[in-house]
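So the structure is just underneath, and the comments pick up after that.
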Amino acid sequence: MAIGNRLRNLWNRWAQAWSEGEEAGSPPKGFFEALGQEEHLLLKERLRLALWVGIPIYLGFWILDIYQAPDQAREFLLVRLTVVSFAVITIWLTSTSLGDDHLLPISVVMIWIGSLGVSLMTMLLGGFTSD
13 MAIGNRLRNL
23 WNRWAQAWSE
33 GEEAGSPPKG
43 FFEALGQEEH
53 LLLKERLRLA
63 LWVGIPIYLG
73 FWILDIYQAP
83 DQAREFLLVR
93 LTVVSFAVIT
103 IWLTSTSLGD
113 DHLLPISVVM
123 IWIGSLGVSL
133 MTMLLGGFTS
143 D
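For the sequence shown, my numbering gives the first residue as 13, with consecutive numbering after it.
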């Protein structure tokens, strides 16, 4: 939150200078650094929130797998547990300095892994032409 307040203060100073007719062709010093830090923090918080919310939902769909594809329910559970394990590793990784430094690529890889899991289950079910 401290970054958000700092960013808001810088923005207000810039807006005030512009409204008073001063040269406002560029934002105040430090504005873009604060903006970058705020974006990074929001990405980290939103990624972690999405994973914490998504894990039980993703696992919960296994109940539907039991009814819709009972023959493949075990394989689907294995796929779901694999994706969830990557999600748990991602949550842990985002709390380390390595994960913090590489947050955007980690989030993209996690989205790719989740999509791969859904695609694999679709393929095992017979593709988009399955009943």
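Yeah, the Cβ is synthetic: ideal placement off N, Cα and C, and Gly gets one too.
Selected residue, minimal CA-CA separation from residue i, among the options
| i | options | result |
| --- | --- | --- |
| residue 70 | 55, 90, 53, 83 | 90 |
| residue 95 | 68, 20, 23 | 68 |
| residue 97 | 110, 66, 46 | 66 |
| residue 80 | 134, 24, 17 | 134 |
| residue 73 | 136, 88, 60 | 88 |
With 16 other Cβ atoms within 10 Å as the buried cut-off, status of residue i
| i | result |
| --- | --- |
| residue 77 | buried |
| residue 127 | exposed |
| residue 59 | buried |
| residue 92 | buried |
Beta-carbon proximity check, residue i vs residue j, cutoff 8 Å
| i | j | result |
| --- | --- | --- |
| residue 103 | residue 63 | yes |
| residue 118 | residue 111 | yes |
| residue 137 | residue 52 | no |
Test: residue i CB closer than 8 Å to a CB of chain D
| i | result |
| --- | --- |
| residue 94 | No chain D appears in the structure shown, which is made up of a single protein chain. |
Host alpha helix (DSSP H) of residue i (start-end)
| i | result |
| --- | --- |
| residue 141 | Per DSSP, residue 141 belongs to no alpha helix (DSSP H) and is neither H nor E. |
| residue 68 | 43 to 80 |
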